[in-house]
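Written below as structure tokens is the structure these notes are about.
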Amino acid sequence: MSQKQGWEFPIASVHMQFAIEEEDEFTDEYEDMKQGAGDPGKDYMVLRQQGETQGEHIKKLEETVQYLISKLNSMEATARSGN
């Protein structure tokens with residue numbers, strides 16, 4: 019059991035690192051797309067892509083938070099049963 023607990027937070031850290039890398043990648047792409055700003059069609063496409071990417075990031079963060087909550091609840095239940 020203690021081995022599993024040692025892996026819980028590093029896994030969450032990997033999830034967060036992945037989200038940060040995705041955000042950095044999106045920022046780079048957004049800056050590239052902004053070069054064509056001023057054209058309403060391109061502006062719309064940039065905003066649409068930005069919204070989709072942000073939605074994906076939010077979903078990944080929600081999954082990470084739910085994972086952490088379930089692990090904390092599990093740890094709390096284990097601690098209570100041991101007392």
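Quick note: the sequence shown uses the numbering used here, first residue 19, plus one each step.
Yeah, the Cβ is synthetic: ideal placement off N, Cα and C, and Gly gets one too.
So Thr71 and Phe44 are supposed to be a Cβ contact under 8 Å. How far apart are they, rounded? As a first step, residue 71 is located in the sequence shown; it is residue number 53 there, counting from the start. As a first step, residue 44 is located in the sequence shown; it is residue number 26 there, counting from the start. Yes, Thr71 and Phe44 are in contact; Cβ-Cβ is about 5 Å, under 8 Å.
I believe His75 touches Glu39 by the beta-carbon criterion, under 8 Å. Please report the beta-carbon distance rounded to the nearest angstrom. Taking the first residue of the sequence shown as position 1, residue 75 is located at position 57. Taking the first residue of the sequence shown as position 1, residue 39 is located at position 21. Not confirmed; about 11 Å, so no contact.
When the Cα atoms are used, what is the spatial distance from Gln68 to Ser88? Along the sequence shown, read from residue 1 onward, the residue named residue 68 stands at position 50. Along the sequence shown, read from residue 1 onward, the residue named residue 88 stands at position 70. Looking at the two C-alpha atoms, the distance is approximately 30 Å.
Measure the C-alpha to C-alpha separation of Tyr85 and Lys77 and round it to an integer number of angstroms. To locate residue 85, count along the sequence shown from 1; it is residue 67. To locate residue 77, count along the sequence shown from 1; it is residue 59. The alpha-carbon atoms of Tyr85 and Lys77 are separated by roughly 12 Å.
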